[in-house]
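Asks: Here it is, the structure, as structure tokens.
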Amino acid sequence: MDTLIQQVVSHQAFKWVGVGLVFLGLLILLHALVSDADGMPRRMWKRYVIYLERKMKVLFIFTPGDRIAAGQGIGIFVSVVLAILVDLPLWWLPVAVAVVPPLYIEYLRRQRVSEIEKQLDGFILAIANALKATPSIGDAFISVQQLIRPPLQQEVELAVKEMRVGSTLDQALMLMASRIGSRPVDSAISALLIGRQVGGNLPKILDGTAAALREMSRLEAVVRTKTAEGKAQLALLAVFPGVLVLVFDTVKQDYFAPLTRSIGGYMVIAVAFICWICSLVVARKIVNVDV
């Protein structure tokens, strides 16, 4: 009995020593790749850090991108160790650590753009009312920054700072539109710039622009309501085949064995998969109505 226990202990010890040596070798290899300033991993690292910082700068978040990337690297390493050592299906954990932060940043950007679009109507009306008190559109633009709330206020304040360091009003507005990346914002800025260049009753033009933006927002809300059921059906269409296969395979083992033991079965699987993807693409084009 003592001999059996000693064998088990020694086997576990050799296993842990082997795992430790493997990860030590991986760390040495990773350090060798990253330490080369001209190597592909280092260049990809710099591009990813620049990508993160550019995305966060738009959100007015000034956390260093290399800190987030380093945290992801540590998280991926730890999750890989857990996936190897723990007898659980944790293969998805490294993928989640690598994918979730950029997706979350993009989600925050979309939320920010949505909030700015909700404030756009009031912003245009504030400029129109300010133009009734002052003939200078630049002064009117500067005066409205105290009348609006974030996140649009942050964009206006940055545009005002750019004007104070030498940029023209047109340049500041175009940079503002490019940072936000929204079609309604582009339309509003274009109306403002064109009305300024061609002359005329600019407050009236801006009032009309604000009314058009309100109507566009109303139509988009109606379209979203009408297509909500179709989007729910699309989500069900995307998930249902996988759930159905999992249920049948759980209820009866080797239920799909005839499909995985012959060339004809693999062809049937391939055709079914292609039809499923095509149905998702067609359904997505149907429910994505552009106003």
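Letter 2 of the sequence shown, counting from 1, is numbered 95 in our numbering, and no numbers are missing.
Beta carbons are placed, not taken as given, at the ideal position from N, Cα and C, and that holds for glycine.
Say whether the region 202-222 touches the region 172-179, bearing in mind that this needs 3 or more beta-carbon pairs closer than 8 Å, one atom from each stretch.
Replies: Taking a contact to require three or more Cβ pairs closer than 8 Å, the region 202-222 and the region 172-179 do not qualify as touching.
Asks: In three-state terms, what does DSSP make of Ala265?
Replies: helix
Asks: For my contact list, Lys148 and Ile209 are in at a C-beta cut-off of 8 Å; report their separation, rounded to the angstrom.
Replies: That pair is no contact at about 16 Å.
Asks: Tell me whether the region 220-235 and the region 296-310 touch, counting them as touching only if at least three CB pairs, one residue from each stretch, are closer than 8 Å.
Replies: Three or more Cβ pairs drawn from the region 220-235 and the region 296-310 lie within less than 8 Å of each other, which places the two stretches in contact.
Asks: Got a sec, what are the start and stop residues for the alpha helix (DSSP H) Pro243 sits in?
Replies: Taken as a continuous stretch (DSSP letters only), Pro243 belongs to no alpha helix (DSSP H), as it is neither H nor E.
Asks: Rounding to the nearest angstrom, what Cα-Cα distance links Lys254 and Gln247 in this structure?
Replies: Going from the Cα of Lys254 to the Cα of Gln247 covers about 11 Å.
Asks: Sorted by chain position, which residues of the same chain lie with C-beta nearer than 7 Å to Val397's C-beta, five sequence neighbours on each side aside?
Replies: An answer regarding residue 397 cannot be provided, because it is not within the stretch 94 to 384 covered by the chain.
Asks: In three-state DSSP terms, what is Lys345?
Replies: coil
Asks: Hey, out of Asp214, Gln239, Ala233 and Thr343, whose CA is closest to Leu262's CA?
Replies: Ala233
Asks: Mapping DSSP to helix, strand and coil, what is Phe234?
Replies: helix
Asks: Is Pro187 helix, strand or coil when you go by DSSP?
Replies: helix
Asks: With H, G and I counted as helix, E and B as strand and the rest as coil, what does DSSP make of Leu145?
Replies: Of the three classes helix, strand and coil, the one that applies to Leu145 here is helix, per DSSP.
Asks: How big is the Cα-Cα spacing for Ser207 and Val278?
Replies: 11 Å
Asks: Sort Ser372, Trp369, Tyr141 and Ser310 by Cα distance to Pro194 and report the nearest one.
Replies: Tyr141
Asks: According to DSSP, is Arg377 helix, strand or coil?
Replies: helix
Asks: Going by DSSP, what residue range makes up the alpha helix (DSSP H) through Ser275?
Replies: That residue, Ser275, is in no alpha helix (DSSP H); it is neither H nor E in DSSP.
Asks: Quick test of your reading: Thr320 and Val380, contact by CB under 8 Å. State the CB separation rounded to the nearest angstrom.
Replies: 5 Å
Asks: Using three-state DSSP, classify Val101 as helix, strand or coil.
Replies: Because the pLDDT at Val101 is just 48, under 50, the model does not fix this residue reliably, and the value given afterwards should be weighed accordingly. Of the three classes helix, strand and coil, the one that applies to Val101 here is helix, per DSSP.
Asks: Leaving aside the five residues before and after Val156 along the sequence, list all residues of the same chain whose C-beta is less than 8 Å from its C-beta, in chain order.
Replies: In the sequence as presented, Val is not what sits at residue 156; that position holds Thr. Same-chain partners within the cutoff: Met149.
Asks: Can you tell me whether Val237 is buried or exposed? The criterion is at least 16 other CB atoms within 10 Å of its CB, across all chains shown.
Replies: buried
Asks: Am I right that Asp342 and Phe333 are in contact with their C-beta atoms under 8 Å? What's the rounded C-beta distance?
Replies: About 15 Å; that fails the 8 Å criterion.
Asks: Is DSSP giving Arg354 helix, strand or coil here?
Replies: Here DSSP, grouped into helix, strand and coil, assigns Arg354 to coil.
Asks: Using C-beta distances below 8 Å, list every residue in its chain close to Leu299, excluding the 5 sequence neighbours before and after it, in chain order.
Replies: Excluding residues within five positions, the ones whose Cβ falls inside 8 Å are Ile217, Leu218, Ile220, Ala221, Leu224, Ala284, Leu285 and Gly288.
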